[in-house]
Amino acid sequence: MFQKTKATVVAVEIARNSLILAKENIAKLPYKAPVIFITADSAYLPLRAESIDLVFSDRAVADMNSPPCRIVKVLAELKRVLSRGGKMVLSDECPFVKRNEGDEMASWRWKVAKAVSHLIGREHAHEVDPNDLGFIMKLIGFKEVESRTFSGEPLTPRRMQRFVQNSMDLILRIDDFELKKAFLHNIEKARENFKGRHGLLPPRYVLRARK
Ligand SMILES: C[S@@+](CC[C@H](N)C(=O)[O-])C[C@H]1O[C@@H](n2cnc3c(N)ncnc32)[C@H](O)[C@@H]1O
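This is the structure in structure tokens:
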């Protein structure tokens, strides 16, 4: 995309460490990408109104929706910076609404991760149903809102390892010994399950719209 359009990309990230990681990844590209990196909250962008032609976000809607409903402010801000007729493409994992939807084990892993975050008072993602997201986009004034969902990709050993490692780190911050033990047991079960039958990531959605 960088090469075809010669566009300047403004990369926004709220966490300084993640921005450093993004810079390192971009530097590995075989060509020089015109990227301006800014540390900012996407609900309050330090950008002029109507200065951006395309907004793209992958796997960040649920993170930006913390606390719940904050995505409304984020979407309003994205609309402010988009030029007239500008496009927006948002993609993220679908929430699990029913137990039997998608891979049951993926839903269970996600719930364990969220429960641990609750217990240690850590901020965490609040997934948005793509239908609700589309509805909010229309309310805010976006046009031509379209949505598609895709089944979840296979869970790779690397992703599983990261889940286990991150969960372990967080569980160690739980004060109650019995709770800590119970969660460690659950993580071990997830690891065993993965060894036996691998599994899927949650289904994903892509929503696109125009200002
Ligand atoms: C799941 S990560 C995905 C990152 C990247 N898009 C990817 O696919 O690897 C979500 C990112 O959103 C960032 N984030 C969360 N809330 C944000 C906000 N309000 N404004 C900007 N970035 C935010 C988090 O710091 C995190 O790095």
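According to my numbering, the stretch in the sequence shown is residues 999 to 1209, in order.
Note that the Cβ used here is the ideal one computed from N, Cα and C, for glycine as well.
From a predicted model like this one, the values you see are computed outputs, not experimental measurements.
| query | result |
| --- | --- |
| At which residues does the beta strand (DSSP E) containing residue 1088 begin and terminate? | 1080-1091 |
| Does DSSP classify residue 1205 as helix, strand or coil? | strand |
| On the premise that residue 1068 lies in contact with residue 1041, defined as a C-beta separation below 8 Å, what is that separation, rounded to the nearest angstrom? | 6 Å |
| Evaluate residue 1121 with the Cβ neighbour count: other Cβ atoms within 10 Å of its Cβ, from every protein chain shown; 16 or more gives buried, anything less gives exposed. | exposed |
| Which residue from 1056, 1043, 1064 puts its Cα closest to that of residue 1074? | 1043 |
| Could you name the residues of the same chain whose beta carbon sits closer than 6 Å to that of residue 1113, not counting the 5 residues immediately before and after it, in chain order? | none |
| Which residues in the same chain have their Cβ closer than 6 Å to the Cβ of residue 1188, if we skip the five residues on either side of it in sequence? | 1107 |
| Which runs of the alpha helix (DSSP H) at least 4 residues long sit entirely within the region 1145-1190? Give them in chain order. | 1155-1169 |
| Can you tell me where the alpha helix (DSSP H) holding residue 1133 begins and where it ends? | 1128-1138 |
| Report the residue ranges of all beta strand (DSSP E) runs contained in full by the region 1009-1038; include only those spanning at least 3 residues, in chain order. | 1033-1037 |
| Compute the beta-carbon to beta-carbon distance between residue 1139 and residue 1178, rounded to the nearest angstrom, for a pair I have assumed lies under 8 Å. | About 48 Å separates the two Cβ atoms, so there is no contact after all. |
| Compare the Cα-Cα distances from residue 1072 to each of 1012, 1145, 1093 and report the closest residue. | 1012 |
| Just to confirm the assignment, what range does the beta strand (DSSP E) spanning residue 1198 have? | No beta strand (DSSP E) contains residue 1198, which DSSP labels as neither H nor E. |
| Just reading off the alpha helix (DSSP H) that residue 1056 is part of, what are its end residues? | Where residue 1056 is concerned, there is no enclosing alpha helix (DSSP H), although the beta strand (DSSP E) it sits in stretches over 1050-1056. |
| Classify residue 1123: buried if its beta carbon has 16 or more other beta carbons within 10 angstroms, exposed otherwise. | buried |
| Roughly how many whole angstroms lie between the Cα atoms of residue 1055 and residue 1190? | 33 Å |
| What does the Cβ neighbour count give for residue 1175, buried or exposed, with the cut at 16 atoms within 10 Å? | exposed |
| Just jot down, in chain order, the residues whose CB lies closer than 6 Å to any heavy atom of ligand 1. | 1010, 1011, 1012, 1013, 1016, 1039, 1040, 1041, 1056, 1057, 1058, 1061, 1062 |
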